[in-house]
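Participant: Using the UniProt record's numbering, the first residue of the sequence shown is number 1, and each one after it goes up by one.
We treat Cβ as the ideally placed atom computed from N, Cα and C, and that holds for glycine.
Since the model is a prediction, treat every value here as computed from it, not as a measurement.
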Amino acid sequence: MTQTSAGDRTAARTKRVSAWTGWVAFGGVMLILLGLFHAVQGVVAVYDRGYYLVRPSGLVVAVDYSVWGWVHIGLGVVAVLAGIGVLTGNAAARVAAIVIAGVSAVVNLGFVAAYPVWSMVVIALDVIVIYAIVAHGRDLRLIR
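1) Once the 5 residues before and after A101 are set aside, which same chain residues still bring their CB inside 6 Å of it?
2) Under a three-way DSSP split, which group does V121 fall into?
3) Identify the continuous alpha helix (DSSP H) that holds L81 and give its terminal residues.
4) Quick check: V83 and I32, are their CB atoms within less than 8 Å of each other?
5) Pick out whichever of Y51, V40, L53, V121 has its Cα sitting closest to the Cα of R72.
6) Using the Cα positions of V60 and G110, report the straight-line distance between them to the nearest angstrom.
7) From A79 to L34, what distance separates their C-alpha atoms?
Below, the structure is given as structure tokens:
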């Protein structure tokens, strides 16, 4: 019967941590930032309806900007919470983050007429977040 010390277990665990762990951490941090960006965009849509050059009837889904604003605020809050969960290594948060990033991409696709460049940037970042979490999500658990 062999005994292993805490140092041996730590050394064995650190050997399994890959360089891809940074991608998952990037995905979690970026999801938090995207959530904050969604919240700011939502506040602007709710309180300054004249900010966007396109009238609500010109959007893919023709609803008032206040509705879009509340959707963005809600999505932003949930994205921040999921990003924090991803950084803690929670498996359920990883699944939620993938779903939220996908929903974020679809919401921004619907909002592209009002804010085209920013919507495309957010969609691209959502795709990167999904890749980081799907391809390398298990690596983050090893550093906890």
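Facilitator: From the atom records:
1) Only D126, V129, I130 meet the Cβ criterion.
2) helix
3) That run of the alpha helix (DSSP H) goes 65-88.
4) Before going further, note that residue 83 is Gly rather than Val in the sequence given. Going by C-beta atoms, G83 is nearer than 8 Å to I32.
5) Here residue 72 is His; the residue named in the question, Arg, does not match the sequence. Checked all of Y51, V40, L53, V121; the closest Cα to H72 is V40.
6) 5 Å
7) 7 Å
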